[in-house]
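Undergrad:
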Amino acid sequence: MSRNFKKRIVFFIVPTLILMVILYLMFFLKYIDISVILAIYLPIWIIGVIATLLGKVVFANVTIIFAGIGLISEYLVHTFNKSHPNMSGAFLNSLILLVGLILGVALQILSNKKYTS
């Protein structure tokens, strides 16, 4: 294995561990269950793994970090709206994830331009 590949994997492990801690906390608080983790957050993580293997570590890290931030924000919105439950937390989570995807692509493009010039 090349040194660059090992470096990419190490940089990917940190956001992965952060997301795992957030998912475990939400599971422990009985906010989400395994089916939600497998249906939503596992595909996001797989996209991050594929992006990391292709050398797009910035995109992968930003996407995974924003997925965790979105889940935390969804939980907080639902906690504050407990007396009037609605879908605003889920919409906020989706919006944060979309912003994370767009920001990840933009930062990856800027990162590639920095290294090629």
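First residue of the sequence shown: 3, per my numbering; consecutive thereafter. C-beta: ideal position from N, C-alpha, C; glycine also.
Please identify the residue among 113, 69, 78, 84 whose C-alpha is closest to the C-alpha of residue 97.
TA: The candidate whose alpha carbon is nearest that of residue 97 is 69.
Undergrad: For the region 64 to 94, which segments carrying the beta strand (DSSP E) assignment without a break, of at least 3 residues, lie completely within its bounds, in sequence order?
TA: Runs of the beta strand (DSSP E) inside the region 64 to 94: none found.
Undergrad: Going straight from the alpha carbon of residue 7 to that of residue 52, what length do you get?
TA: So the alpha carbons of these two residues sit roughly 13 Å apart.
Undergrad: In the region 10 to 45, which residue ranges form an unbroken beta strand (DSSP E) of at least 3 residues, counting only runs that do not cross its ends?
TA: Counting only runs of 3 or more, we get nothing.
Undergrad: State the Cα-Cα distance for the pair residue 34 and residue 75, rounded to the nearest angstrom.
TA: The straight-line gap from Cα to Cα measures roughly 13 Å.
Undergrad: Which residues in the same chain as residue 20 place their Cβ atom closer than 8 Å to its Cβ, once the five residues preceding and following it in sequence are excluded?
TA: These residues qualify, in order along the chain: 66, 67, 70.
Undergrad: Measure the Cβ-Cβ separation of residue 13 and residue 83 and say whether it is below 8 Å.
TA: Cβ atoms of residue 13 and residue 83: not closer than 8 Å.
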